[in-house]
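Numbering (my numbering), first residue to last: 5 to 145.
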């Protein structure tokens with residue numbers, strides 16, 4: 005498969021971009037340095053718009069659920085403890101919670117599963133690293 009688009013990195017953004025492109029019929033190659041997921045939490049919150057995008061790429065039912073909804077207000081404080089912002093738990097007009105919690109590696113697992121179902125348009129190369137590119141009249145390599 006030749007690819008119209010190459011995405012370097014299969015974290016949440018790269019994997020979501022690949023799924024969006026697949027939905028548009030664009031053949032895509034995704035290059036990811038890591039061979040397997042690391043069960044380390046980096047990003048832990050998403051908002052309603054991010055959940056809407058994940059639903060649009062077909063992951064609505066595949067998302068990790070146990071820790072999804074905030075039941076108490078989320079409070080952001082300064083170093084001194086002063087309250088900077090308080091977000092009450094609520095559902096937005098698009099039907100998703102305004103703030104939801106999940107482990108990034110669980111989201112990445114759901115995205116990888118989604119990509120495996122789109123192998124007609126997305127090719128994933130694990131254990132690969134982009135080190136440069138060459139552009140000529142035929143394209144980019």
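The beta carbon of each residue, even a glycine, is placed where N, CA and C say it ideally should be.
Within this structure, are the beta carbons of residue i and residue j separated by less than 8 Å?
i: residue 102; j: residue 52; result: yes
i: residue 127; j: residue 7; result: yes
i: residue 9; j: residue 35; result: no
i: residue 15; j: residue 112; result: yes
i: residue 131; j: residue 39; result: yes
i: residue 58; j: residue 65; result: no
Using the DSSP secondary-structure output, state which residues sit across from residue i in a beta bridge.
i: residue 129; result: 35
i: residue 90; result: 79
i: residue 143; result: 140
i: residue 10; result: 33
i: residue 95; result: 101
Between residue i and the rest of its own chain, which residues show a CB-CB distance below 8 Å, the 5 nearest in sequence each way excluded?
i: residue 77; result: 90, 91, 92, 93
i: residue 87; result: 79, 80, 81
i: residue 18; result: 11, 12, 34, 36
For residue i and residue j, what's the separation of their Cα atoms in angstroms?
i: residue 30; j: residue 12; result: 16 Å
i: residue 109; j: residue 129; result: 18 Å
i: residue 120; j: residue 62; result: 12 Å
i: residue 114; j: residue 136; result: 29 Å
i: residue 124; j: residue 140; result: 27 Å
i: residue 85; j: residue 28; result: 47 Å
i: residue 60; j: residue 41; result: 23 Å
Going by beta carbon distance, what residues of the same chain come within less than 7 Å of residue i, once the five residues before and after it are set aside?
i: residue 43; result: 109
i: residue 122; result: 23, 26
i: residue 100; result: 52, 55, 56
i: residue 157; result: The structure shown has nothing for residue 157, since the chain only spans 5 to 145.
Tell me which same chain residues have a C-beta within less than 6 Å of the C-beta of residue i, skipping the five on either side of it?
i: residue 145; result: 138
i: residue 142; result: none
i: residue 32; result: 7, 9, 22, 25, 126
Am I right that residue i and residue j are in contact with their C-beta atoms under 8 Å? What's the rounded C-beta distance?
i: residue 98; j: residue 56; result: 5 Å
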